[in-house]
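Structure record follows, encoded as structure tokens.
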Amino acid sequence: MASVSNQILAVLLILFIISPSSVQSNQIRINLSNSIANENLSVYCRSSTHKDLGAKIMSPGTSFTWTGDINVPGENEIWLCLMSTAGDLSGLFAIFISNRDNTRCGQECLWTVRHDGLYLNIPDQGYILQFHWQH
Ligand SMILES: *[C@@H]1O[C@H](CO)[C@@H](O)[C@H](O)[C@H]1NC(C)=O
Ligand SMILES: *[C@@H]1O[C@H](CO)[C@@H](O)[C@H](O)[C@H]1NC(C)=O
């Protein structure tokens, strides 16, 4: 009996370890898509923790991802992104704030950049406009 319950326990432990819902990662994926028709989007993102993604040019329909730290004691990581198009759109946006986004994003912070502003996919609500362009 004891060895059977040990085996069950071992299986449960393995399932628990490999089950995605049990992964207590301290990071969340951020995915930014350029959904502006016919415009390249320049994006430059830096974090309050001194991480720097460098300058990127995103052609229409493309996306890229990176990770933000969540639930790190004593740290509220913030990612700011400067964005602009060759047209007249530009702005500086708080794309990720750990304390703000650790629960509202769900599994991943899915952003899409459109001609009228920046939308975040909120679970059960869909893409919701969060920021208008500043210029
Ligand atoms: C976007 O950038 C690419 C590469 O620099 C360029 O070839 C293309 O013409 C640009 N597209 C637009 C719509 O400006
Ligand atoms: C970002 O999310 C979009 C929409 O779900 C998806 O189509 C795209 O493949 C993702 N990009 C990356 C780099 O994972």
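Going by the working numbering, the first residue of the sequence shown is number 4, and it counts up by one from there.
We put the CB at the ideal spot given by N, CA and C, even for glycine.
Only a predicted model underlies this, so the values are computations on that prediction, with no experimental measurement involved.
Closer than 6 angstroms: residue i CB and nearest ligand 1 heavy atom
i, result
"Ser45", "no"
"Ser62", "yes"
"Asn37", "no"
"Asn124", "no"
Alpha carbon of residue i to alpha carbon of residue j, nearest angstrom
i, j, result
"Asp104", "Ser51", "15 angstroms"
"Ser24", "Gly120", "For Ser24, the predicted model reports a pLDDT of 45, less than 50, meaning its position is unreliable; a value from the coordinates is still stated below. Approximately 32 angstroms, taken between the alpha carbons."
"Arg107", "Lys54", "23 angstroms"
"Val26", "Phe134", "Reliability fails at Val26, whose pLDDT of 41 lies under 50, so the model's placement of it is uncertain and the value that follows must be treated cautiously. Each residue's alpha carbon lies about 31 angstroms from the other."
"Arg117", "Trp69", "20 angstroms"
Contact test: residue i Cβ vs ligand 2 heavy atom, cutoff 6 angstroms
i, result
"Asn34", "yes"
"Ser93", "no"
"Thr1", "Here the chain comprises residues numbered 4 to 138, so residue 1 is not present and cannot be evaluated."
With contact counted as at least three CB pairs below 8 angstroms, one residue from each stretch, are the stretch 88-103 and the stretch 55-68 in contact? no
Scan the stretch 70-135 and note each continuous beta strand (DSSP E) run of 3 residues or more that stays entirely inside, going in chain order. 81-88, 93-100, 111-117, 120-125 and 129-134
Does the stretch 126-137 come close enough to the stretch 73-85 that 3 or more CB-CB pairs lie under 8 angstroms? no
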